[in-house]
Every structure is written in C-alpha cells, then in structure tokens.
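Each residue of the sequence shown is one higher than the one before, counting from 1 in UniProt numbering.
Here a beta-carbon is modelled for each residue, glycine too, at the ideal position from N, C-alpha and C.
Here's the structure, in structure tokens; my notes come after.
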Amino acid sequence: MDNTATYEQHLGIINSLAKRLSSISRLALRELVILLLPLVVLMLGQLIYLFSPSEEVNNYFTDKRNLVNMVFVKNGWGWNLIIFTIFCVAKLRKGVKIKPVTIVRLALITGWWWVFTQWCFGLPIMDRLFVFTGGKCSNIPTIQAERYIQRFPAFREFFSKKDSEPLVQEAIISSSTCRSIKGEWTGGHDPSGHVFLLSISWIFLMIELTHSLAHEVNIVQHHTNVFKRLLLTIRKRQFTQALQVLGDYPEILVLCLCFLWTWMLLMTGIYFHSMSEKLFGLFWSYLGIMTVYIAPRFMKKES
1 MDNTATYEQH
11 LGIINSLAKR
21 LSSISRLALR
31 ELVILLLPLV
41 VLMLGQLIYL
51 FSPSEEVNNY
61 FTDKRNLVNM
71 VFVKNGWGWN
81 LIIFTIFCVA
91 KLRKGVKIKP
101 VTIVRLALIT
111 GWWWVFTQWC
121 FGLPIMDRLF
131 VFTGGKCSNI
141 PTIQAERYIQ
151 RFPAFREFFS
161 KKDSEPLVQE
171 AIISSSTCRS
181 IKGEWTGGHD
191 PSGHVFLLSI
201 SWIFLMIELT
211 HSLAHEVNIV
221 QHHTNVFKRL
231 LLTIRKRQFT
241 QALQVLGDYP
251 EILVLCLCFL
261 WTWMLLMTGI
271 YFHSMSEKLF
281 GLFWSYLGIM
291 TVYIAPRFMK
301 KES
C-alpha cells in the first residue's frame, strides 16, 4: 500500500470519527473543531514543555507582568465584550440582523465567566475550589497584614494580641484580595483561571463568528485578501482606509482577538500551572459552553 492510500485510509477514519462525534454532541463539524482546539493547544504546550531543556526559561511571556498579559488577558472579558459589540454594531449598520438568541448566549456566557472568576454568592467558584482543597493566602508581609486588620475596627483589640498573619490567612480567602496585599495563593488545587478565560473566549467568539458567516462562500480566500488589504493600508499609514476596512469586515477584529487568545493559551500551556490544573480550568469552560450551546439542542430535539 503506497503512502497516498495510507493517508486516505487514515483521513477516512478521522472523518468517520469526527462525524460520529458531531452526531452525538449535536455540534456541526466546524463547531467541534472550535471546541477541541483549546485542548489541542494545551497538549501542544505540554509537549513543548516536556521536550524543552530543563534549565529555567526566562522570556517575555514567562513574566506575568508582561504588557500583553496585563493589558489584554487581565481584562480579557472586557475585550471580548468590546470587540463583539463592535462586530454586532458594524453588522447592524450593514443591514444584517443580530438574532436575539445571540445576545442571550452572550449574557449567559458572561454570567458563567462572572460566577467562576469574580463572584458566586461570595467567593467565585475557582476560589471556592482552591480553598476547599486546602489553599490559603500565605507569606503576607507583616505591614500588609496589619493594614488589613485595621479594616475591622471591632476586632482590632483581639487581633493585636495574636500573630496577625494566621488571622489574615483565615480572613482572606479571595485570590484577588490575597494579591492586593502582596500575599501568595498557595497550598490547594488551583483551577487555571487563564485557561478558563482564554478557552471560553476563543470558543464563544469563534462559534458566534462562524454562525454569522455560515452563508458566505469562499470565506477563507476572501478574508485572506481582506486581511492583506488591511496590512497594506497600515503599512502605507493610510489609517482612515484601515478603519474603513475594519468597519466593512469587523470579523477581522474578532479573528485577531481569537489569535491573541490562542497564543496566550499556548504560553500558559508551556510555562504555567500543572497539567491537571490546566485541564480543570478547561473543564469549567467546557461546562459553560455545553450548558449554553449543546444542552438546548438536546432539549429542542426531545420536545
């Protein structure tokens, strides 16, 4: 059997498996690819990590305070809302209707991001999981611990008789509060918030984008030409024309943001968290996506 026949046989097996998964999950093939890409990126990152030299690696992306992380990832959901709003407004200006279900899905996914990373009747889900598995805020500078205690006037006299750090460890069980007083979030199983944010952002934006462009033909070739035209106008410093191109094709902004999220997911896969923590973060993003996109399809079919 020659190589061509072997490749065709393997492609046939992959295609058959993909169609079966698509049928079971009620996802279109393109949606299935979108859903699985974050897992593939994390696996690729893990392989790069395992086969890289064992010495300590220091580069731009290993520094958590790099510009991309601080400006974009730390404010990731805000960027999703901004870019997706621009996309929807531009589509409306072109006479394309935005279905109400799109806004409902945006609200539901935003709500899921909120309860997992920000607040869920107190602590967000990710912090509850960390504390439940033995995590705490430790190595708090004494001066920061004392300042935190001063925020509780009724307990100042009691606290003054005790070692301040253990008391603050018990009082502070929020990761954001821990960071704000320069403590370290240690000891428990920490589901990767970065993986959760980056994966759910990629999946949401790309699924909505493919829904919007589903009826267009020659999508890849057409938008490749548009992107080349955009780069040419920027290179010539024709910024007004560049804005016009983005106004006509707002999906370019969505694709650029998705590329950034994919790249940062790869960096997280290589340099940060254990594999179990990354997969746990991915699990929670999948749970939100399945609830919003997949579960309604099963209920619709049953009804």
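- Under a Cβ-count criterion, where at least 16 other Cβ atoms within 10 Å of its own Cβ denotes burial, should residue 136 be classed as buried or exposed? The residue is buried, with at least 16 neighbouring Cβ atoms inside 10 Å.
- Message: Please report the distance separating the alpha-carbon of residue 121 from that of residue 298.
- Response: About 30 Å.
- Rounded straight-line distance, which links the Cα of residue 47 to that of residue 285: Using only the alpha carbons, I get a separation of about 22 Å.
- Message: In the DSSP output, what is residue 137 paired with across the bridge?
- Response: Bridge partners of residue 137 according to DSSP: 185.
- Hey, would you say residue 25 sits closer than 8 Å to residue 294, going by beta carbons? With respect to the 8 Å criterion, residue 25 and residue 294 are classified as neighbours on the basis of their beta carbons.
- Message: Could you check whether the stretch 236-247 touches the stretch 123-135, counting it as contact only if at least three pairs of C-beta atoms, one from each stretch, sit closer than 8 Å?
- Response: With the cut-off at 8 Å, the stretch 236-247 and the stretch 123-135 do not touch.
- Query: Three or more beta-carbon pairs under 8 Å between the stretch 175-191 and the stretch 269-288, yes or no?
  - Reply: These segments touch.
- Message: In this structure, how does DSSP classify residue 10 when only helix, strand and coil are distinguished?
- Response: In the structure shown, the three-state DSSP call for residue 10 is helix.
- Could you give the C-beta distance for residue 112 and residue 281, rounded to a whole number, given that I count them as a contact under 8 Å? Rounded, the Cβ-Cβ distance is 13 Å, inconsistent with contact.
- Message: Suppose you measure from the CA of residue 105 to the CA of residue 123; what does that come to, to the nearest Å?
- Response: If I take the Cα positions, the gap works out to 24 Å.
- Message: Do residue 194 and residue 73 count as a contact pair if the criterion is CB distance below 8 Å?
- Response: Against a cut-off of 8 Å, the Cβ pair of residue 194 and residue 73 comes out as a contact.
- Task: Starting from residue 266, trace the alpha helix (DSSP H) both ways and give me its first and last residue.
- Result: Start and end: 251-271.
- Message: Tell me the residue span of the alpha helix (DSSP H) that contains residue 276.
- Response: For residue 276, the uninterrupted alpha helix (DSSP H) run begins and ends at 275-289, by DSSP.
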